[in-house]
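K.L.:
Take this structure, written in structure tokens, and hold onto it; I'll ask about it next.
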Amino acid sequence: MTSPGEGLPGAGPIPWATAWRLARRGLSARFKGLRLLLVCLFLGVGALAAIGTLTGSIERELAARGRAILGGDLELEVWQRDLTAAERAALDALGTVSIGTRLQAMASAGDLAAPVQLKAVDGRWPLVGQLRLQDGQLAGAPPAGTAWMSEGAMERLGLRVGDSFTLGTAKLRAGGIIADEPDRLGEGFAWGPPVIVGAQMPGAAGLIAPGSQYRTRARVSFREPYNPEAAATALKARFPSAGFSVRTRDKAAPGTERFVTRMGEFLVLVGLAALVIAGIGIGLGVSSWLESRRGAIATLKVLGATSRDIARITVLEVGAAALVGSVAGLLAGVLVTPLLARALGGLLPVAEGFVIDGTALLRAGAYGLLVALVFTALPLARARAFPAMALMRARVSELRLEWRYALLPAAAGLALIAALALATAAQPVVTAWFLAGAVGVLALLGLLGRALQYGLARLPSPHRPLLRAALANLHRPGNQTGALVTALGFGLSAFVLLAAVQSSLDANIAGRVPARAPDFFVLDIPRERADQFVAAVRQTAPAARVRTVPNLRGAILAYGPPGRMVRVAELKEQPAGAWALRGERGLTYAADLPEGNVLTAGTWWTTGYSGPPLVSVDVNLAEALGLRLGDRISVSLLGVERTANIASLRRIDWDSLGFNYVLVFSPNAIADAPHNLAATIDLPAGSSTGGLLRRLVRAFPSSSVVETGAVLRDARALLDQMSLAILAAASVAVLAGLAVLLGAVAAARAARTYDTVILRVLGAGRAQVLLVQVFEYAVLGAILAAVALPLGSAIGWAIIVKLFEFEWLPDWGTILAVLAAGLALVLGFALTASLPVLRARPARVLREL
Amino acid sequence: MRVTSPIIAARGLTLILGQTEILKGIDLEVGAGETLALLGPSGSGKSSLMAVLSGLDRATGGELSVAGENFPALDEDALARARRGRIGIVLQAFHLLPTMTARENVATPLELAGVPRAWDRAAQELTAVGLGHRLDHYPAQLSGGEQQRVAIARALAPRPALLFADEPTGNLDAATGAQIIDLLFRRRLADAVPSGSVTTLLIITHDPDLAARCSRVVTLGDGRIVSDVWT
Numbered sequence: 001m002t003s004p005g006e007g008l009p010g011a012g013p014i015p016w017a018t019a020w021r022l023a024r025r026g027l028s029a030r031f032k033g034l035r036l037l038l039v040c041l042f043l044g045v046g047a048l049a050a051i052g053t054l055t056g057s058i059e060r061e062l063a064a065r066g067r068a069i070l071g072g073d074l075e076l077e078v079w080q081r082d083l084t085a086a087e088r089a090a091l092d093a094l095g096t097v098s099i100g101t102r103l104q105a106m107a108s109a110g111d112l113a114a115p116v117q118l119k120a121v122d123g124r125w126p127l128v129g130q131l132r133l134q135d136g137q138l139a140g141a142p143p144a145g146t147a148w149m150s151e152g153a154m155e156r157l158g159l160r161v162g163d164s165f166t167l168g169t170a171k172l173r174a175g176g177i178i179a180d181e182p183d184r185l186g187e188g189f190a191w192g193p194p195v196i197v198g199a200q201m202p203g204a205a206g207l208i209a210p211g212s213q214y215r216t217r218a219r220v221s222f223r224e225p226y227n228p229e230a231a232a233t234a235l236k237a238r239f240p241s242a243g244f245s246v247r248t249r250d251k252a253a254p255g256t257e258r259f260v261t262r263m264g265e266f267l268v269l270v271g272l273a274a275l276v277i278a279g280i281g282i283g284l285g286v287s288s289w290l291e292s293r294r295g296a297i298a299t300l301k302v303l304g305a306t307s308r309d310i311a312r313i314t315v316l317e318v319g320a321a322a323l324v325g326s327v328a329g330l331l332a333g334v335l336v337t338p339l340l341a342r343a344l345g346g347l348l349p350v351a352e353g354f355v356i357d358g359t360a361l362l363r364a365g366a367y368g369l370l371v372a373l374v375f376t377a378l379p380l381a382r383a384r385a386f387p388a389m390a391l392m393r394a395r396v397s398e399l400r401l402e403w404r405y406a407l408l409p410a411a412a413g414l415a416l417i418a419a420l421a422l423a424t425a426a427q428p429v430v431t432a433w434f435l436a437g438a439v440g441v442l443a444l445l446g447l448l449g450r451a452l453q454y455g456l457a458r459l460p461s462p463h464r465p466l467l468r469a470a471l472a473n474l475h476r477p478g479n480q481t482g483a484l485v486t487a488l489g490f491g492l493s494a495f496v497l498l499a500a501v502q503s504s505l506d507a508n509i510a511g512r513v514p515a516r517a518p519d520f521f522v523l524d525i526p527r528e529r530a531d532q533f534v535a536a537v538r539q540t541a542p543a544a545r546v547r548t549v550p551n552l553r554g555a556i557l558a559y560g561p562p563g564r565m566v567r568v569a570e571l572k573e574q575p576a577g578a579w580a581l582r583g584e585r586g587l588t589y590a591a592d593l594p595e596g597n598v599l600t601a602g603t604w605w606t607t608g609y610s611g612p613p614l615v616s617v618d619v620n621l622a623e624a625l626g627l628r629l630g631d632r633i634s635v636s637l638l639g640v641e642r643t644a645n646i647a648s649l650r651r652i653d654w655d656s657l658g659f660n661y662v663l664v665f666s667p668n669a670i671a672d673a674p675h676n677l678a679a680t681i682d683l684p685a686g687s688s689t690g691g692l693l694r695r696l697v698r699a700f701p702s703s704s705v706v707e708t709g710a711v712l713r714d715a716r717a718l719l720d721q722m723s724l725a726i727l728a729a730a731s732v733a734v735l736a737g738l739a740v741l742l743g744a745v746a747a748a749r750a751a752r753t754y755d756t757v758i759l760r761v762l763g764a765g766r767a768q769v770l771l772v773q774v775f776e777y778a779v780l781g782a783i784l785a786a787v788a789l790p791l792g793s794a795i796g797w798a799i800i801v802k803l804f805e806f807e808w809l810p811d812w813g814t815i816l817a818v819l820a821a822g823l824a825l826v827l828g829f830a831l832t833a834s835l836p837v838l839r840a841r842p843a844r845v846l847r848e849l
Numbered sequence: 001m002r003v004t005s006p007i008i009a010a011r012g013l014t015l016i017l018g019q020t021e022i023l024k025g026i027d028l029e030v031g032a033g034e035t036l037a038l039l040g041p042s043g044s045g046k047s048s049l050m051a052v053l054s055g056l057d058r059a060t061g062g063e064l065s066v067a068g069e070n071f072p073a074l075d076e077d078a079l080a081r082a083r084r085g086r087i088g089i090v091l092q093a094f095h096l097l098p099t100m101t102a103r104e105n106v107a108t109p110l111e112l113a114g115v116p117r118a119w120d121r122a123a124q125e126l127t128a129v130g131l132g133h134r135l136d137h138y139p140a141q142l143s144g145g146e147q148q149r150v151a152i153a154r155a156l157a158p159r160p161a162l163l164f165a166d167e168p169t170g171n172l173d174a175a176t177g178a179q180i181i182d183l184l185f186r187r188r189l190a191d192a193v194p195s196g197s198v199t200t201l202l203i204i205t206h207d208p209d210l211a212a213r214c215s216r217v218v219t220l221g222d223g224r225i226v227s228d229v230w231t
């Protein structure tokens with residue numbers, strides 16, 4: 001007995017070359033019918049390519065320009081002191097050395113005063129690159145009595161080039177405006193815009209005195225090709241108690257690098273979520289394209305094509321379209337990157353012109369094709385089953401769901417997407433949570449879509465025929481309600497989420513933080529003038545609450561039980577949560593337990609205690625380091641190592657936003673070290689801050705006064721920039737959702753045209769037919785709003801309350817306005833896309849039916 | 001009349017779709033090289049019988065051998081392979097592939113069957129049906145009659161042993177229809193099929209004149225053969 005097909009001509013599937021020839025003929029040059037797939041892939045892949053290219057470009061620039069960003073091969077920083085002769089000699093042995101200082105200072109001109117980041121540089125600065133002024137002049141350190149000013153400093157002080165201003169006790173001339181400062185990014189964060197002066201200026205202006213909060217920074221340009229890491233290790237080993245912070249050209253801006261990597265990763269995940277929405281459109285587009293190809297597929301089967309042949313042909317057709325869409329997306333991603341770089345406004349370094357980042361493009365392309373694979377597997381598997389009989393019999397039985405052919409590629413695609421996301425993640429756990437969350441939200445939306453169709457089908461039919469027709473459109477066979485609820489629900493939820501998070505953060509910053517934060521922070525108040533300082537404040541604001549604390553800086557060098565202390569420099573990896581081990585920290589001493597702190601273990605020292613030095617440690621740090629009462633901590637203070645026994649553990653109320661110190665010493669432990677005071681000033685509600693600021697700047701020229709309001713404005717500006725980036729990525733999700741909507745409208749157009757024509761033959765006017773569409777999309781919009789509002793708000797609540805630990809203070813007006821705008825966009829698109837249906841001429845359509 | 005060496009041998013064929021019995025036990029033998037007209041009122045089962053005989057549909061019951069193949073034993077893909085190069089089908093609505101030119105349409109079955117020089121063969125076939133000047137035209141650029149000529153060229157290009165035509169002139173005016181029928185009868189005789197015989201033609205029609213041109217007329221009624229007349 002012969003088995004089926006045995007001995008027949010061409011028993012195997014057609015060769016791929018033949019399949020490609022037939023596929024090429026099946027594709028129109030303009031990819032008619034597959035445009036939804038093209039648009040969705042274009043959007044998703046384009047967004048991912050742009051994000052990846054931009055992030056990669058910044059990271060590479062940070063790495064490539066490490067030497068310029070750092071201002072040398074190696075940088076050594078110490079707080080509150082100059083380098084010793086031995087330290088200086090050790091650096092000189094490595095190469096050319098440039099030494100300068102950094103400190104917060106107050107600048108004033110007339111009635112205007114502003115905190116500035118003072119950068120004092122010697123004649124060798126900059127060791128790498130050149131400082132360019134706005135007038136085109138290339139410069140080094142400014143001449144005596146002159147300062148190079150940032151544009152921000154000029155604005156805040158109301159200066160023009162050539163004008164004078166005061167810094168400390170010195171009068172300076174604004175000699176030029178900085179256009180390009182080579183090591184700006186490596187300078188790190190500071191309150192206030194930068195001002196560059198000569199190396200001697202801070203000392204001469206009384207800004208540097210023993211105990212002042214200044215940093216000495218020494219940069220070295222190696223004479224020989226030393227390994228920077230090895231040189232850094234050797235320096236730390238040679239001066240173990242010096243409390244050096246050493247950076248090398250390989251990690252010139254570690255904080256920025258970490259921020260860019262994490263932000264980039266987050267945006268990639270948002271883009272990936274958008275691509276998944278696009279995936280729904282891809283599936284929908286391919287399904288409706290295959291529906292329109294039923295006749296052609298049946299004809300091929302009549303001519304002898306088997307289901308495997310059909311699978312090969314359709315896979316090649318869809319694959320070609322997916323490739324074109326993805327490549328177009330990649331191109332767009334590359335083209336748009338310079339615009340995004342410009343939008344960053346020089347905040348971060350991005351290579352000029354077009355950047356081709358192979359890894360980022362490959363990853364974006366791979367995501368696009370994998371999403372296309374996942375979402376087209378089922379429709380393509382169904383296409384195998386299109387019967388040849390479709391040509392001979394109008395109505396054919398319902399197609400089988402070909403899960404067995406779809407399951408393997410779809411599952412493989414999903415697994416590869418997850419693997420790719422996790423393998424390229426800097427934070428795999430966060431990525432895993434994000435992926436799980438996205439899958440959960442999509443599943444929830446999918447279920448909601450199904451439930452809605454089920455529920456609508458079982459609602460009693462309304463008596464009004466137009467409303468009845470509108471509702472029927474949402475649950476009739478072949479409806480797209482499920483896909484639309486998922487795709488648009490996801491996009492609109494993202495909008496609600498962003499509005500909720502942003503308005504909550506704004507409200508926290510605008511309302512809650514100022515309510516708890518002091519109005520001013522003041523640094524570097526000379527210890528001996530503490531009483532004068534309080535008196536000066538009280539003279540202007542009698543009801544002001546002033547709190548002063550001794551303020552020193554030092555790095556933790558060692559910790560642990562006596563005799564078994566761990567040296568921080570020898571740690572291979574920092575314990576989780578032990579951020580206080582990183583670099584120098586503020587240190588203080590106190591006779592009494594600081595306000596807002598609660599003892600959790602041990603006892604506070606008695607007034608006038610004079611025994612062995614004691615320290616009280618933040619309970620969280622103690623837990624992270626495994627510290628107990630009686631253990632020891634060594635810190636470097638002005639280059640000298642000091643050790644104290646742990647007498648107590650404290651819980652700190654970090655939300656109080658005042659001065660909070662991880663380590664508080666007994667006065668006899670560190671009070672002898674030269675130091676200044678820091679202060680917080682709380683003014684009664686509604687007080688004006690201008691008068692006090694001017695008085696303090698005049699009376700305490702060497703102190704820095706930071707106004708909280710200005711700081712919060714800076715913080716909000718930063719937040720706005722981040723929100724903009726997230727909004728841009730999330731907009732891709734909404735665009736993809738709109739593409740899905742247009743695709744759904746297009747897919748249902750044949751059925752809609754038929755309905756419309758029949759309604760019009762029966763006497764309905766165009767306005768009435770339009771009303772059906774309006775009803776339908778209004779119901780859909782109401783459903784989407786009902787889905788997006790709680791879902792977006794719930795995720796927003798989790799982010800604000802659980803992640804940021806802020807108060808949930810959403811501005812419902814803004815959220816509803818954003819949602820309404822999104823819905824208006826959806827309705828507008830839907831109705832516009834439906835207009836061709838209204839324009840259909842009944843006689844012509846009926847002839848063609 | 002008993003047919004010797006039949007190319008189609010059907011015994012007790014039934015076809016049930018849902019609750020409806022479409023074919024109710026068809027016994028039919030068709031000899032190689034015959035021309036057979038299938039007549040009958042709408043709903044009598046003509047198209048369904050043709051679908052079963054051409055392997056587009058599978059009978060619910062009965063025996064069927066077509067061109068030496070035991071059709072009930074073949075699955076859908078094996079039936080598709082069985083059609084390749086052996087069975088041509090011409091339908092009333094032409095069913096040309098709209099995204100392909102006339103030449104590509106005709107080349108497709110040849111390529112599926114792995115016939116060498118399919119491209120040249122397609123051009124020859126189209127020239128033979130009078131469309132040598134329309135090779136690169138798309139179906140939408142052709143008249144109804146021209147489209148049906150392409151469909152005939154496509155069906156006959158692989159030299160099939162069997163050609164099924166379902167009301168091939170149903171969508172055409174009388175004059176064009178007559179030309180198409182002439183072409184159909186002429187082209188089936190043009191080349192000997194591999195078995196050495198000419199192409200067997202089974203044609204569904206409502207047209208008594210067309211039926212009269214066939215060597216045999218089988219009439220269906222309510223899923224059964226009600227008459228089988230040799231002319």
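Those protein sequences? They're chains A and S, same order as listed. If you read the first sequence in the working numbering, its first letter stands for residue 1, the second for the next number, and so on. If you read the second sequence in the working numbering, its first letter stands for residue 1, the second for the next number, and so on. We put the beta carbon where it would ideally sit given N, CA and C, even for glycine. All values reported here derive from a predicted model rather than from experimental measurement.
#1: Which residues in chain S sit within 8 angstroms of A451 (chain A), going by Cβ to Cβ distance?
#2: Helix, strand or coil for Y214 (chain A) per DSSP?
#3: Going by beta-carbon coordinates alone, are F775 (chain A) and L467 (chain A) separated by less than 8 angstroms?
#4: Specify whether the segment 376 to 390 of chain A and the segment 426 to 442 of chain A touch according to this definition: at least 3 beta carbon pairs, one from each stretch, less than 8 angstroms apart.
#5: Tell me, please, whether the CB atom of T169 (chain S) is closer than 8 angstroms to any CB atom in chain A?
#6: Hey, out of S:A73, S:R187, S:G45, S:R149, whose CA is closest to T35 (chain S)'s CA?
#7: Can you give me the C-alpha to C-alpha distance between A591 (chain A) and L637 (chain A), rounded to a whole angstrom?
#8: Along chain S, which residues have their Cβ under 8 angstroms away from the Cβ of A305 (chain A)?
#9: Mind pulling the chain A residues with CB within less than 7 angstroms of P116 (chain S)?
#10: Using a cut-off of 8 angstroms between C-beta atoms, extract the partners of I58 (chain A) located in chain S.
#11: Have a look at N473 (chain A) and A833 (chain A) and give me their C-alpha separation to the nearest angstrom.
#12: Answer with buried or exposed for V801 (chain A), where buried requires no fewer than 16 other C-beta atoms within 10 angstroms of its C-beta.
#13: Taking C-beta to C-beta, are V197 (chain A) and A120 (chain A) nearer than 8 angstroms?
#14: So G446 (chain A) is in the alpha helix (DSSP H); what residue range does that whole segment cover?
#15: Using a Cβ distance threshold of 8 angstroms, determine whether the segment 135 to 146 of chain A contacts the segment 167 to 187 of chain A, with at least three qualifying pairs required.
#16: Once DSSP output is grouped into helix, strand and coil, what is the label at R154 (chain S)?
#17: Using a C-beta cutoff of 8 angstroms, does L108 (chain S) count as contacting chain A?
#18: Do the CB positions of L131 (chain A) and I58 (chain A) come within less than 8 angstroms of each other?
#19: Just to make sure I have the definition right: I need the residues of chain A whose C-beta is within less than 8 angstroms of the C-beta of T99 (chain S). Which are they?
#20: Whole angstroms is fine: what's the gap from P182 (chain A)'s alpha carbon to L159 (chain A)'s?
#21: If I follow the unbroken beta strand (DSSP E) through S704 (chain A), where does it start and stop?
#22: Could you say if the segment 284 to 296 of chain A and the segment 325 to 339 of chain A meet the contact criterion of at least three C-beta pairs nearer than 8 angstroms?
#23: With burial defined as no fewer than 16 other Cβ atoms inside 10 Å of the residue's Cβ, what is the status of Q104 (chain A): buried or exposed?
#24: If I measure Cβ to Cβ from P409 (chain A) and keep anything under 7 angstroms in the same chain, skipping five residues before and after, which residues do I get?
P.N.:
Walking through what the data contain:
#1: What A451 (chain A) touches in chain S: nothing, since even the nearest Cβ is about 31 angstroms away.
#2: strand
#3: yes
#4: no
#5: no
#6: S:R187
#7: 19 angstroms
#8: A80, L112
#9: Those within 7 angstroms of P116 (chain S) in chain A number zero; the least Cβ separation is about 12 angstroms.
#10: Those within 8 angstroms of I58 (chain A) in chain S number zero; the least Cβ separation is about 45 angstroms.
#11: 16 angstroms
#12: exposed
#13: yes
#14: 428 to 458
#15: yes
#16: helix
#17: Residue 108 (chain S) is actually Thr in this sequence, not Leu. Cβ-Cβ to chain A under 8 angstroms: yes for T108 (chain S).
#18: no
#19: R25, G26, L27, S28, A296
#20: 24 angstroms
#21: 704 to 707
#22: no
#23: buried
#24: L373, A377
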